[in-house]
Amino acid sequence: MLTALTPTSSIPLSMLDLVAVREGGSVADALAIARRTAQHAESLGFKRYWLAEHHNMAGIASSATAVLVGHMAAATQHIRVGSGGIMLPNHAPLVVAEAFGTLAELYPGRIDLGLGRAPGTDRITMRALRRDRLAETEHDFPRDVTELQALLGDAQPGQQIMAMPGTGTHVPIWLLGSSLFSAQLAAERGLPYAFASHFAPRLLHPAIDMYRKQFRPSAVLDKPYVMIGVPLIAAPTDDEAEFLASSTYQRVLGILTGDRQRLQAPVPHYMSQLHPQERAAIDDFLSAAIIGGPDKVRRGLKTLRQDTQADEFMLVCDIYDPELRLRSLDIAAAACAT
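In the working numbering, each number is its position in the sequence shown, counted from 1, plus 10.
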């Protein structure tokens, strides 16, 4: 069972990876970088390494999320590996239960199943993923979560459909979201909640407040447990961190304008070259980001913890140079240890 932290205790760090394909690199390169990053995160004592499901995006190679969860689990020893998340509208619950049930049998006690309500893609691609789900309603996601909980739980008398593997594995389910909907559902079900403040920080405080106030204890969790996404770019100096962050700024601007590309190399003084409205939009998107040298990172993580009382941080670290990305994680780990 997850344990909520006291305000003075050290906060666990985890990592979310979209497996970015870098400009000039290949998908195979991206997968190798993710594997090495997971191993490095484990060596630093990170608690989890999650992978995000997205489709039809040239710069992201994490579409076959369950496959990658198994790959990362095989490459590590003890870090928890999971989905951040599986986009449930794209999949039949039985398929998800069998995939993650299999992973749970292969890597006992190490698999997490984070669930999202968005498709993680455009409507045309969503139709290609699941042709019978063209008219999504607000009732579908709660119903599918219920079905998935039952499939991963203990077999019940008269149960006609079993996930095999899956039944009895009790793979931990997390609800992910960037709005109040998933916060309320996670509270009603007594499930841990992860807020996507790494790309949608506006409703962070209302969502986690609602989750905590409406939380009902369950068989898996007796107190609320909140994890929040944190964009992180750390370097030895503030100036270098700002330079490295320009890769993230380019990625965000591409998301906002519909011009999604591979992860680009950093550009000196990138933000100063943009229109003020573009800079404002990027700043808004990344308002929960921590970008800077060791002291700034330490202060930023401390302030974010005080403001949110989060139980866990899940870092999102989009740095073009893989070695500098690992260094960024080193700096974050050191900042949390002091």
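Built from N, CA and C at the ideal position, the CB exists for glycine as well. Since this is a predicted model, take the numbers as computed values, not measurements.
Check                                                                                                                                                             : Outcome
Starting from the Cα of R90, find the closest Cα among S257, F56, P304, L201 and give me that residue.                                                            : F56
By a C-beta neighbour count over all protein chains shown, 10 Å radius and 16 as the cutoff for buried, is V77 buried or exposed?                                 : exposed
When you compare each of R212, R226, L214, L213 to P202 by their alpha carbons, which one comes out closest?                                                      : R226
Return helix, strand or coil for V262, following the three-state DSSP convention.                                                                                 : helix
Output the residue ranges of the beta strand (DSSP E) runs that lie fully inside the segment 217-262 and measure 3 residues or longer, sorted by chain position.  : 236-244
DSSP on A2, reduced to helix/strand/coil?                                                                                                                         : Nothing about residue 2 can be reported from this structure: the residues present for the chain run from 11 to 348 only.
With a Cβ-Cβ cutoff of 8 Å, do A193 and A217 count as a contact?                                                                                                  : yes
Spatial neighbours of P17 within its chain, please: CB distance less than 7 Å, with the 5 preceding and 5 following residues excluded, ordered by chain position. : Legend: pLDDT at P17 = 43, less than 50; position of this residue unreliable, value from coordinates given subsequently. Closer than 7 Å at Cβ, skipping near neighbours: Q319.
According to DSSP, what are the bridge partners of D25?                                                                                                           : Here the sequence assigns Met to residue 25, which means Asp is not the residue at that position. M25 pairs with Y59, L325.
Do G92 and I121 count as a contact pair if the criterion is CB distance below 8 Å?                                                                                : yes
Taking all protein chains shown into account, decide if E108 is buried (16 or more other Cβ within 10 angstroms of its Cβ) or exposed.                            : buried
By the 10 Å Cβ neighbour count, where 16 or more other Cβ atoms means buried, how is P118 classified, buried or exposed?                                          : exposed
Buried or exposed, going by whether 16 or more other CB atoms sit within 10 Å of the CB of V277?                                                                  : exposed
Less than 8 Å between the CB atoms is what I'm expecting for H50 and L28, so what's the real figure, rounded?                                                     : That belief does not hold up - the Cβ atoms of H50 and L28 are roughly 17 Å apart, past 8 Å.
Which word fits M174, buried or exposed, when buried means at least 16 other C-beta atoms lie within 10 angstroms of its C-beta?                                  : exposed
By DSSP, does V105 sit in helix, in strand, or in coil?                                                                                                           : helix
Quick check on DSSP: helix, strand or coil for M97?                                                                                                               : strand
Would you say the segment 29-45 touches the segment 297-312, given that touching needs at least three Cβ pairs under 8 Å?                                         : no
So G239 and L23 are in contact, right, with Cβ under 8 Å, and what is the actual spacing, rounded?                                                                : Their Cβ separation, rounded to whole angstroms, is 12 Å, which puts G239 and L23 out of contact at 8 Å.
Could you please give the first and the last residue of the uninterrupted alpha helix (DSSP H) stretch that includes G187?                                        : Where G187 is concerned, there is no enclosing alpha helix (DSSP H), although the beta strand (DSSP E) it sits in stretches over 183-187.
I need the straight-line Cα distance from L263 to A44, nearest angstrom please.                                                                                   : 23 Å
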